[in-house]
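Chains as they are written, first to last, in our numbering: chain A, 1 to 203; chain B, 204 to 373.
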């Protein structure tokens, strides 16, 4: 039955209208969570406001559970889904650079966009910086060592490999483990926030 | 006019997760953000120097020849993000011109750091083939191995530098 784009076979114009509507939902919840404000986002990394972790992991667990349940019920053909390809080391190094950018600039690209439309000048600077960084990447791509590293694959961890495939276990088991980690993380987040609130009240 | 409080993070997360799930169930793919920004970069470079876009293999994959860099699902989705953020900001009475910065730096310094941090994020997002939305969130939900590695690296990078950057925020 799902994905509908394949079963109903609607064309690109319809898919684009739906993409626009889905984006409205995405932007709405990002801004509603407070992610248009860099001060709130950065507090994640000082353990004072862990909304970034809470929102992100609640979203991952929600979508993941839906995908696993619908796929095992035979309602979703997961072979038709776009899966992120794994390029382990470029992904890790790129992630570390993004993490540095996050703590220095206070935004990631999606949150910066909802910052821009709610009037945050710092978010506008972040998007301008992002565009410059991306333009720089396309220029440094001409350096053979960088192009080679970008294409570097790690044996046994390539293509659209998923955690259940890699570990050789059922998707439901990995999903249960992710849920357990998320719940433990939520509990730890609540503890850290109340610990900091108590410390601030005493000071 | 006072701003309304933000949503409870768990409720916002469920809402976000349902939108992500709907994207998979409808279009067979997840959400993103940096891809559309990259396509805008290519569109801008194409307007100024189309020959350069054709000659650069990374840029031409997006917009070489008569290819329109904006003709892509992610671009429409990201336009929606702008509208959705605007709607939420309007409902919450949170739309105002401001510069959010830590107590120990000036607004002008904050803008400089936002530019540099944004540039790093943009560079890293291209190297990792996507950002927190398209890789960490979307790939995280589909349990992609590389996405989880990138997500952990983003948190490691930010937490690893947080102590040294504390003057910017606290």
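In this text, a Cβ means the ideal position worked out from N, Cα and C, and glycines have one as well.
Sort the options by Cα distance to residue i and report the nearest one.
i: residue 67 of chain A; options: B:236, B:269, B:225 and B:238; result: B:225
i: residue 174 of chain B; options: A:109, A:163 and A:184; result: Look at the range of chain B in this structure, 204 to 373, and you will see that residue 174 of chain B is not part of it.
i: residue 217 of chain B; options: A:171, A:180, A:71 and A:58; result: A:58
i: residue 349 of chain B; options: A:47, A:18, A:84 and A:196; result: A:84
i: residue 64 of chain A; options: A:182, A:15 and A:106; result: A:182
i: residue 165 of chain A; options: A:12, A:86 and A:55; result: A:86
i: residue 89 of chain A; options: A:158, A:111, A:171 and A:23; result: A:158
i: residue 315 of chain B; options: B:371, B:362, B:278 and B:250; result: B:371
i: residue 6 of chain A; options: A:78, A:123, A:195 and A:29; result: A:78
i: residue 93 of chain A; options: A:15, A:149, A:9 and A:4; result: A:149
i: residue 126 of chain A; options: A:111, A:136, A:135 and A:140; result: A:111
i: residue 247 of chain B; options: A:28, A:43 and A:131; result: A:131
i: residue 277 of chain B; options: B:337, B:351 and B:355; result: B:337
i: residue 55 of chain A; options: B:290, B:221 and B:285; result: B:221
i: residue 346 of chain B; options: A:128, A:133, A:3 and A:160; result: A:160
i: residue 375 of chain B; options: A:120, A:44 and A:4; result: Any answer about residue 375 of chain B is impossible in this case: the structure gives chain B only from 204 up to 373.
i: residue 9 of chain A; options: B:219, B:250, B:230 and B:205; result: B:230
i: residue 16 of chain A; options: B:290, B:279, B:304 and B:369; result: B:279
i: residue 219 of chain B; options: B:252, B:373, B:340 and B:351; result: B:340
i: residue 232 of chain B; options: A:76, A:201 and A:50; result: A:76
i: residue 189 of chain A; options: A:37, A:18, A:50 and A:40; result: A:50
i: residue 1 of chain A; options: A:184, A:73, A:145 and A:186; result: A:73
Starting from residue i and walking both ways along the alpha helix (DSSP H), at which residues does that stretch end?
i: residue 45 of chain A; result: Residue 45 of chain A -> no alpha helix (DSSP H), and no H or E assigned at all.
i: residue 242 of chain B; result: 237-251
i: residue 209 of chain B; result: Per DSSP, residue 209 of chain B belongs to no alpha helix (DSSP H) and is neither H nor E.
i: residue 21 of chain A; result: 12-32
i: residue 188 of chain A; result: 171-202
i: residue 284 of chain B; result: 276-294
i: residue 339 of chain B; result: Careful: residue 339 of chain B lies outside any alpha helix (DSSP H) and carries neither H nor E.
i: residue 272 of chain B; result: That residue, residue 272 of chain B, is in no alpha helix (DSSP H); it is neither H nor E in DSSP.
i: residue 266 of chain B; result: 260-266
i: residue 380 of chain B; result: An answer regarding residue 380 of chain B cannot be provided, because it is not within the stretch 204 to 373 covered by chain B.
Less than 8 Å between the C-beta atoms of residue i and residue j, yes or no?
i: residue 334 of chain B; j: residue 215 of chain B; result: no
i: residue 259 of chain B; j: residue 138 of chain A; result: yes
i: residue 169 of chain A; j: residue 61 of chain A; result: no
i: residue 213 of chain B; j: residue 32 of chain A; result: no
i: residue 320 of chain B; j: residue 99 of chain A; result: no
i: residue 145 of chain B; j: residue 261 of chain B; result: Residue coverage of chain B in this structure runs from 204 to 373, which leaves residue 145 of chain B outside it and unanswerable.
i: residue 118 of chain A; j: residue 297 of chain B; result: yes
i: residue 23 of chain A; j: residue 357 of chain B; result: no
i: residue 113 of chain A; j: residue 281 of chain B; result: yes
i: residue 122 of chain A; j: residue 308 of chain B; result: no
i: residue 105 of chain A; j: residue 324 of chain B; result: yes
i: residue 53 of chain A; j: residue 234 of chain B; result: no
i: residue 342 of chain B; j: residue 97 of chain A; result: no
i: residue 107 of chain A; j: residue 365 of chain B; result: no
i: residue 28 of chain A; j: residue 287 of chain B; result: yes
i: residue 269 of chain B; j: residue 263 of chain B; result: no
i: residue 327 of chain B; j: residue 207 of chain B; result: no
i: residue 318 of chain B; j: residue 156 of chain A; result: no
i: residue 344 of chain B; j: residue 223 of chain B; result: yes
i: residue 81 of chain A; j: residue 3 of chain A; result: yes
i: residue 135 of chain A; j: residue 244 of chain B; result: yes
i: residue 41 of chain A; j: residue 283 of chain B; result: no
Per DSSP, which residues does residue i bridge with? Please list them.
i: residue 347 of chain B; result: A:162
i: residue 157 of chain A; result: A:154
i: residue 2 of chain A; result: A:76
>> Going residue by residue through the segment 302-334 of chain B, where are the continuous alpha helix (DSSP H) segments of at least 4 residues, counting only ones entirely within it?
In response: 310-330
>> Suppose only complete runs of 4+ residues qualify. What are the alpha helix (DSSP H) ranges in the segment 74-150 of chain A, listed by chain order?
In response: 88-105, 109-117, 121-140 and 144-150
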